[in-house]
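S.K.:
2 protein chains.
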Amino acid sequence: MDFKFSSRVPNVDNDVVGEILKVAGDPEIISFAGGLPAPELFPVKEMHEAADKVFEKHGAEALQYTAAIGNPHLRELIVERMQTNKEVTTTVDNVCITTGSEQSIDLVAKMMVDKGDVILVEKPTYLCALDVFRSYGAKVVGVDMDEEGMKMDALDEKLSEYPDTKFIYTIPNFQNPTGRTMTAERRAKMVELAEAHGVTILEDDPYGEIRYSGVAVPPVKHFDKNGTVVYMNTFSKILAPGMRLGWIVADKKFIDMFVVMKQSADLHSDNLSQFIVAQYMEDNDLDKHIKAISDVYYERASLMLKEIDEQFPAGVKHSNPEGGMFIWVEVPGNVNTMDLFNNCVKHNVAFVPGEPFYPDEVIPGTFRMNFSNMKADQIHEGVRRMAVAIDEMMK
Amino acid sequence: MDFKFSSRVPNVDNDVVGEILKVAGDPEIISFAGGLPAPELFPVKEMHEAADKVFEKHGAEALQYTAAIGNPHLRELIVERMQTNKEVTTTVDNVCITTGSEQSIDLVAKMMVDKGDVILVEKPTYLCALDVFRSYGAKVVGVDMDEEGMKMDALDEKLSEYPDTKFIYTIPNFQNPTGRTMTAERRAKMVELAEAHGVTILEDDPYGEIRYSGVAVPPVKHFDKNGTVVYMNTFSKILAPGMRLGWIVADKKFIDMFVVMKQSADLHSDNLSQFIVAQYMEDNDLDKHIKAISDVYYERASLMLKEIDEQFPAGVKHSNPEGGMFIWVEVPGNVNTMDLFNNCVKHNVAFVPGEPFYPDEVIPGTFRMNFSNMKADQIHEGVRRMAVAIDEMMK
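Chains as they are written, first to last, in full-length UniProt numbering: chain A, 1 to 395; chain B, 1 to 395.
#1: Over what stretch of residues does the beta strand (DSSP E) that includes Phe-326 of chain A continue unbroken?
#2: Among the candidates A:Lys-306, A:Lys-123, A:Cys-96, A:Gln-279, whose CA atom is the shortest distance from the CA of Thr-170 of chain A?
#3: Of the residues that make up the region 9-22 of chain A, which ones have a beta carbon closer than 9 Å to any beta carbon in chain B?
#4: Would Ser-6 of chain B count as contacting chain A if we go by Cβ distances under 9 Å?
#5: Cα separation between Glu-61 of chain B and Met-261 of chain B?
#6: Ala-250 of chain A to Asn-94 of chain A, Cα distance in whole Å?
#7: Just confirm the distance between the C-beta atoms of residue 399 of chain A and Gly-246 of chain A, as a whole number of angstroms; I'd bet it's less than 8 Å.
#8: Using CA atoms only, rank isn't needed, just tell me which of A:Tyr-280, A:Ile-363, A:Ser-302 is closest to residue 416 of chain A.
#9: If Ile-97 of chain B sits next to Gly-70 of chain B, beta carbons under 8 Å apart, how far is it from one beta carbon to the other, in whole angstroms?
#10: Exposed or buried, Asn-334 of chain A, counting other C-beta atoms within 10 Å across all chains shown (16 or more means buried)?
#11: Should Gly-35 of chain A go down as buried or exposed, given a rule of 16 or more other Cβ atoms within 10 Å for buried?
#12: Please name the residues in the region 26-40 of chain B whose beta-carbon is closer than 8 Å to at least one beta-carbon of chain A, in chain order.
#13: In chain order, what residues of the same chain have a beta carbon less than 7 Å from the beta carbon of Asn-348 of chain B, not counting five sequence neighbours either side?
#14: Given this structure, state the Cα-to-Cα distance separating Ser-269 of chain A from Phe-312 of chain A, to the nearest angstrom.
#15: Just the Cα atoms here: how many angstroms apart are Met-304 of chain A and Pro-219 of chain A?
#16: Quick one, which of B:Ile-363, B:Thr-89, B:Cys-128, B:Lys-139 has its alpha-carbon nearest Val-113 of chain B's?
#17: Taking Cβ-Cβ distances below 9 Å as the criterion, which residues of the region 256-271 of chain A are in contact with chain B?
#18: Decide if Asn-370 of chain B is buried, meaning its Cβ has at least 16 other Cβ atoms within 10 Å, or exposed.
#19: So for Asp-270 of chain B, helix, strand or coil by DSSP?
#20: Could you spell out the range, first to last residue, of the beta strand (DSSP E) harbouring Met-374 of chain B?
#21: When Cβ atoms are compared, which residues of the region 100-111 of chain A fall closer than 8 Å to chain B?
#22: Throw me the rounded Cβ distance for the Glu-322 of chain A and Thr-181 of chain A pair, which I believe falls under 8 Å.
#23: Which full runs of the beta strand (DSSP E) of 3+ residues lie inside the region 57-132 of chain B, going along the chain?
#24: For chain A, check one thing: does any of its Cβ atoms lie closer than 9 Å to the Cβ of Asp-360 of chain B?
#25: Would you mind working out which of B:Val-23, B:Thr-366, B:Lys-252 sits nearest Asn-336 of chain B, comparing C-alpha positions?
#26: Whole angstroms are fine: how far does the CA of Phe-167 of chain B sit from the CA of Cys-128 of chain B?
#27: Assuming Met-374 of chain B and Phe-32 of chain B are in contact, meaning their beta carbons sit under 8 Å apart, how far apart are those beta carbons, in whole angstroms?
#28: Considering only residues of the same chain and omitting the five flanking positions on each side of Gln-83 of chain B, which have a CB-CB separation below 7 Å?
#29: I'd like to know if Val-141 of chain B contacts chain A, where contact means its C-beta is closer than 9 Å to some C-beta of that chain.
#30: Quick check: what's the CA-CA separation for Arg-81 of chain A versus Phe-258 of chain A?
#31: Check this for me: beta carbons of Met-47 of chain B and Phe-55 of chain A, under 9 Å apart or not?
#32: Which residues in chain A have a C-beta closer than 7 Å to the C-beta of Ser-273 of chain B? List them in chain order.
#33: Could you compute how far the alpha carbon of Leu-107 of chain B sits from the alpha carbon of Arg-75 of chain A?
#34: Just to confirm my understanding: we take Ser-294 of chain A, look at its own chain, exclude 5 residues before and 5 after, and list those with CB closer than 6 Å. What are they?
#35: Kindly give me the distance between the Cβ atoms of Glu-330 of chain B and Val-383 of chain B, rounded to whole angstroms, as I take these residues to be in contact under 8 Å.
#36: For Thr-228 of chain B, does the count of other Cβ atoms within 10 angstroms reach 16, so buried, or fall short, so exposed?
Here it is, written out as structure tokens:
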């Protein structure tokens, strides 16, 4: 039959990202397009031990319904980590467990955005967030950034231009897609500007703990004394994405409404997985595990950057991330990176073109490369293939 | 700070259900208000064994991201069960795993409903579905029902009155809240009417397999030859709700768009739990387990009905469910069941008043009682307390 879909459904005839990921899934192709953590680093044995304990101690409880806000013990452990690892002081009443970051973004958008409302974002930013914001009818406006993150003079201008802005969406650490990190000064300034304009900040911090060089910067939430910042994080990059668990930290008034929206979306997140992750954190040194991930990603990022420097044509620029999973590349001379993508596929290598990451105006010649799930030989060979394809396009 | 919420957020100052469940959570109170499966029946040992196998055989894979449509093996097992237990012939491409029924309802509403669109529902119906539909701006219109489910002449009238109806939402088996089951004749007729009007049917079937008397009726989907019916079900009542896993079966065109919406909501449902449930189904006789649940619920329902007949005042009517988890009660004489609820709480017993289940016009004197999670002594004593409270109100 012909279905009468709502105006919220996206135009799937134009699903660039879907097409890219489909092509990139070809086993012949070395794909730098994804954003998957390295599965060989998952703590399978420790997670299995944690699961055993949960079934023995809390079996029926873990299989039953639970409260939408999430497992109390897991929320306590998160409160502790927010203090020790993030310099954010909070309470269990300010923490809600979510079914991963995607859900956090979706629910915040649903509870904040009416058709035509403005959301300010870094230019470029996480493409799936753009899709979600647009699904609620948001007008997404890009704010310029440089190597030090979103530019505060540009933000100030946009906040004045759009006085009814609903929120600012930012990924301050090892940003997706650029790998850039916002300075502490700008974070403090962002809170100041947001408060002056009465605008909420949605801080998305999935990569913050995967830092392998430089000095950690406290989250934007650290500089927030008045509940302006809604902070979100996930276990996807530091533990395992398959379990779909994330969390938000926010003002009690925000959390209370968020829990209502959460309940209406899926009642609560997987209770068994919440128990298992809490047990894992109880029995293991999560920081040590994250250090092991960061060490491997450091090797892979360093190798990819070295190969890019050696093999890509002169004039190609790239970001120098101190953590996370992505490198952002800029090719000179107005190269259309969708065409470049198609040429790379002929050479059996893939990446994500810059275009879908831009909220409005697209800067040509930009694209994202992922290194977290790539072994050394794949990085070496993949960059070599890309270099040949870029060379052909720049001629 | 003051948050600028969207028009989608509900009025939480008027959260009747939240208040009811809060009161009902008091350990002094015998609560027939909830809708929890009996945790003592969860197959904890078998699920533990399944988890062990998953960690041993598929550890890293189960902890990694997966496709939004869900685990292929679990979808195959669902296709088999749809054939053997539901007389519905389908394929894995027509099945999408969801994070429970609540998410299925939410996503279908999001992808179908624009502000002001009409959804037709049984009067009364599942209150959380009403909340979700309203959160997308739907106008929800009730269709009369009797002991044999939604009335088809009433449906035909409403379809003519609201030609732009987006979909019909129905719970044909042991309906929530009434416990009533729609006849096969009406199911076939519903498909015929929906097709004549070009309207989709959303069939919600969480309780269908918990049948302890009478003869099974095939789902509405069984009568659908043209993709008119979107069928949804869940593992919450037949296995364990904590794992938050449900599924939909629909036309390929519908599934393709649903998967896009699903990806945007939480990327995919918990992958570890999908692996564990598939392994459980592979190694165990799920039908035998469901029979064990049904036997216990039969005892509890029979006892509750007997106690109601013996202890409630004359003139009180109730449904006679052949399965599921709920009994629907009607008290004569325009009793306000919110007042009755408050009086019952004084007697340390709770239920859910009928009002929030009604999409529009409220029929006074109705309420829902749950028996699935109540032991015999609680049923006996709780009904006794309610009888006293009702007596006081009817004087």
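Heads up, the beta-carbon is just placed ideally off N, CA and C, and yes, glycines get one too.
M.R.: Taking the structure as given:
#1: 326-330
#2: A:Lys-123
#3: Taking 9 Å as the cut-off between beta carbons, the residues of the region 9-22 of chain A near chain B are Val-9, Pro-10, Val-12, Asp-15, Gly-18, in sequence order.
#4: yes
#5: 24 Å
#6: 5 Å
#7: Outside the displayed range of chain A (1 to 395) lies residue 399 of chain A, so it cannot be described from this structure.
#8: In the structure as shown, chain A begins at 1 and stops at 395. Residue 416 of chain A is therefore absent and cannot be evaluated.
#9: Indeed, because the Cβ distance is near 3 Å, the residues count as touching under 8 Å.
#10: exposed
#11: buried
#12: Leu-36, Pro-37, Pro-39, Glu-40
#13: Within the same chain, Cβ atoms closer than 7 Å to the Cβ of Asn-348 of chain B are found at Glu-28, Ile-29, Ile-30, Arg-385, the five residues on either side in sequence being excluded.
#14: 44 Å
#15: 27 Å
#16: B:Lys-139
#17: Asp-256, Met-257, Val-260, Met-261, Gln-263, Ser-264, Ala-265, Asp-266, Leu-267, His-268, Ser-269, Asp-270, Asn-271
#18: buried
#19: coil
#20: Met-374 of chain B -> no beta strand (DSSP E), and no H or E assigned at all.
#21: Gly-100, Glu-102, Gln-103, Asp-106, Lys-110, Met-111
#22: 6 Å
#23: 95-98, 118-123
#24: no
#25: B:Thr-366
#26: 17 Å
#27: With a Cβ gap of about 7 Å, Met-374 of chain B and Phe-32 of chain B count as contacting.
#28: Thr-89
#29: no
#30: The C-alpha of Arg-81 of chain A lies about 22 Å from the C-alpha of Phe-258 of chain A.
#31: Contact: yes.
#32: Those are Asp-270, Leu-272, Ser-273, listed as they occur along chain A.
#33: 27 Å
#34: Ile-210, Tyr-212
#35: So it is not a contact: roughly 16 Å between Cβ atoms.
#36: buried
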